Every structure is written in C-alpha cells, then in structure tokens.
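Written below as structure tokens is the structure these notes are about.
Protein chains in written order, with this note's numbering: chain R, 1 to 173; chain Z, 1001 to 1135.
Here it is, written out as structure tokens:
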C-alpha cells in the first residue's frame, strides 16, 4: 500500500502583488520542511494519526504560520488557540479551544482524545489535561511575533477610523 | 490556520488542524478548526479533511463532513465532492478559503476559492509538490 500526505499553512492574504521572492521562498522552505516531518512518519510505516500530528506540530513551531508560535492576536491583544485531531480508524476525536500555553495545541487536542472521555475541552481543564500529558508549555514571548502584533495594530486602527475593506482574508484563520 | 491530512500504508486516514483564529477576533471567538465536521474530519470509509478560511461559514455548512457525506451518500469521488463544497457551497455563501483532503485510496484534493493557499503534498514514490497560487 502507498501513503499520501497533504498540508496547508493557511489561506490568508496571499496577493501576488505583495509577495516578494524572498518571502515566497521562506514559505516554500517552511512547507518543504514540514512535509518532510510528516512524510518521515509515513515512510517508516507510521500511523496517519502520528503523521498529521507531527506535521501540524512542525507548522505550529514555524512563526510564519498562524498557529502556535506566530498565532494572531485577539482584539484585546492576547492569543487564543484552537486545534483538533481526528482518527479515521474509529472516529475518535479531540479538540481544544481558546487555550494559551501549550507549545503545540494540536498535541493538547490529541491528549483530550486519548486521555479523556470528551471530544472538546476549553479553559483551565484543557490546560490541565495538557499538563497531565507532560506537554511542554511556553511563555508569551515564545508565541509573540512582531508581524502579528503589527497586523493587530493595523486592524484596530482601521476599525477606529471606521474603515473597512472587502479582503476576505481578514476573516481567514 | 494550519493542517494536515494523511493516509498511511495500512490504509488508515487522519486529519489535524490548528489555528490562532483571525486577527483582532473577539475574545472567546472559536472558528471551525476545533469543530469536528466543520474544519476537521476523518473517517476511513470516506476521507480525511482539514479546512482553512472564513470559519463561521465553514461551520454553518459543516464543510469537512459535507465532503465525506457527498462521498458516502452520493457516491461522488473525492475531487468532485471537495470541489462542490469549496467552490459552490462555500464560495456562493461568502465562505472564502479552501480545504485539503485525502480519500481511502490515497487520492488527494486541495481545492480553494481564494487567490492563494499555502499547501504541499506528497505520495509515496512521487516527488513532493509545493504550491501557493493556483498555477
């Protein structure tokens, strides 16, 4: 049997006019690194579940993408992260929402799936499950990126001036 | 939003998705990513899906599960099911974005209805494909 893997790093504003060769190369390199992380699991005969969690963890570690390190900010200047995982073998699923702290929210979602009777947890109990699973936590400085902070200030400035635009990417994750 | 879907050499499927949401979102706002059947779904009998885009619309149209439902109930192949959901259901209802999906045979579909989507894929024995824009 063969294996297949696909990853995505978002669908935000990706206008050709605003993409520099250097920036495009950085994104392509990050995607290539992540794909290799996931493919290595599958190449060794590993489970699809392990491959997708490994790949998404790598994407969360990459500040170019909006998840984990490099996540966007809420209107009050905080970061709230959501993640989910589902296993096609038996429809087991786990999810977390609105959390901050675990380095890899997708691994917190997997902990919910594997260590509780529930599908989705939010708030302190979601963090408790992640701690009990031994997952690494990070301080706010780890997740902060100047680009996301600037994007927040730009968006709040637009709102304060009563400006709107029709860029659908503003509604994208 | 980031995500991954996979089919392993044993024929099993899985999906995972993770996000920080959207810039300047309301505190407490949760999009489609952690909602099973909206932004994330996997079932060995049909497909695994991870989505990215305008979360509220993806939730209302249960985008990921709808792709699987088209395969299960209408017998549609993955490409047709994914295209219908992303390019019709979502696109015609202000739901910009896209999805990545893999079926039980290892076929991949990566449709999107916005200008670009950062995506990459690989199948055993084939070279990796990395793409941002439609072409």
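Glycine residues also receive a C-beta, built at the ideal position from the N, C-alpha and C atoms. Every value quoted in this text rests on a predicted model; they were computed, and no experiment measured them.
Taking three-plus beta-carbon pairs below 8 Å as touching, is the region 1009-1018 of chain Z in contact with the region 1031-1041 of chain Z? yes
Residue 137/R, DSSP secondary structure in three states
Residue mapping note: residue 137/R aligns to position 137 of the first chain, counting from 1. In the structure shown, residue 137/R sits in a strand (DSSP, three-state: E or B).
Please report the straight-line C-alpha distance between residue 70/R and residue 151/R, rounded to a whole angstrom. Working through the first chain from its first residue, we reach residue 70/R at position 70. Working through the first chain from its first residue, we reach residue 151/R at position 151. Between residue 70/R and residue 151/R, the C-alpha separation is close to 12 Å.
Q: From the DSSP output, in three-state form, read off residue 82/R for me.
A: On the first chain, position 82 is the one that residue 82/R refers to. In this structure, residue 82/R counts as strand in the three-state DSSP scheme.
> Run through DSSP, which three-state label would residue 88/R get?
Replying inline: Within the first chain, residue 88/R is the residue found at index 88, counting from 1. Note: residue 88/R maps to coil in three-state DSSP.
Review point. Under 8 Å between C-beta atoms, does residue 1087/Z make it to chain R?
Key: Counting from 1 along the second chain, the entry for residue 1087/Z is found at position 87. Not one chain R Cβ lies under 8 Å of residue 1087/Z.
Span of the alpha helix (DSSP H), counted from its first residue to its last, around residue 50/R: Here the question's residue 50/R lines up with position 50 in the first chain. From DSSP, the alpha helix (DSSP H) with residue 50/R extends over 48-61.
Practice problem: Would you mind telling me which residues of chain Z sit closer than 7 Å to residue 91/R, beta carbon to beta carbon, in chain order? | Solution: As a first step, residue 91/R is located in the first chain; it is residue number 91 there, counting from the start. Those within 7 Å of residue 91/R in chain Z are 1043.
Which residues, in chain order, does the region 36-62 of chain R contribute to contact with chain Z at a C-beta distance below 7 Å? 38, 39, 42, 45, 46, 47, 48, 49, 51, 52, 53, 55, 56, 59, 60
### Task
Could you pull the start and end residues of the beta strand (DSSP E) that residue 1/R belongs to?
In the first chain, counting from the first residue as 1, residue 1/R sits at position 1. Where residue 1/R is concerned, there is no enclosing beta strand (DSSP E), given that its DSSP letter is neither H nor E.
Please list, in chain order, the residues of the region 104-120 of chain R that have any C-beta partner in chain Z closer than 9 Å. 104, 105, 106, 109, 110, 119, 120
Checklist entry - What's the C-alpha gap between residue 27/R and residue 1089/Z? => result Translated into positions along the first chain, residue 27/R becomes position 27. Translated into positions along the second chain, residue 1089/Z becomes position 89. Each residue's Cα considered, the two are about 29 Å apart.
*Thinking C-alpha only, which one of 1009/Z, 1007/Z, 1031/Z, 1011/Z is nearest residue 95/R?*
Here residue 95/R is taken as the residue at index 95 of the first chain, counted from 1. Ranking 1009/Z, 1007/Z, 1031/Z, 1011/Z by Cα distance to residue 95/R puts 1031/Z first.
Margin query: Output needed in chain order: residues of the region 1046-1072 of chain Z with a Cβ under 7 Å from some Cβ in chain R.
Written below: 1048, 1050, 1052, 1053, 1054, 1055
Query - Cross-chain neighbours of residue 1123/Z in chain R, by beta carbon under 9 Å - result: By one-based count along the second chain, residue 1123/Z stands at place 123. In chain order: 2, 3, 4, 5.
Subject >> Alpha-carbon to alpha-carbon, residue 113/R and residue 91/R >> reply: Locating residue 91/R in the first chain gives position 91, where the first residue counts as 1. Locating residue 113/R in the first chain gives position 113, where the first residue counts as 1. Approximately 10 Å, taken between the alpha carbons.
Suppose you measure from the CA of residue 1133/Z to the CA of residue 1116/Z; what does that come to, to the nearest Å? By one-based count along the second chain, residue 1133/Z stands at place 133. By one-based count along the second chain, residue 1116/Z stands at place 116. Approximately 5 Å, taken between the alpha carbons.
Do the region 1074-1085 of chain Z and the region 1100-1108 of chain Z touch if we need at least three Cβ pairs shorter than 8 Å?
-> yes
message = Going by the DSSP bridge assignment, what does residue 1073/Z pair with across the sheet?
response = Sequence index remark: in the second chain, residue 1073/Z carries index 73 (1-based). None; residue 1073/Z has no bridge partner.
key: Cβ of residue 96/R within 8 Å of any chain Z Cβ   = Residue numbering aside, residue 96/R sits at position 96 when the first chain is read from its first letter. Answer yes: the Cβ-Cβ gap between residue 96/R and chain Z drops below 8 Å somewhere.
Taking residue 29/R as the reference, give the member of 1124/Z, 1118/Z, 1123/Z with the closest Cα.
The sequence position of residue 29/R within the first chain is 29, counting from 1. Nearest option by C-alpha distance: 1118/Z.
#### Entry: Cβ neighbour criterion (16 or more within 10 Å) applied to residue 1/R
To locate residue 1/R, count along the first chain from 1; it is residue 1. The residue in question, residue 1/R, is exposed, as its Cβ has fewer than 16 Cβ neighbours within 10 Å.
When we look at the beta-carbon of residue 1121/Z and count the other beta-carbons within 10 Å, is it buried (16 or more) or exposed? Residue 1121/Z sits at position 121 when you count from the first residue of the second chain. It is buried - the Cβ of residue 1121/Z has at least 16 other Cβ atoms within 10 Å.
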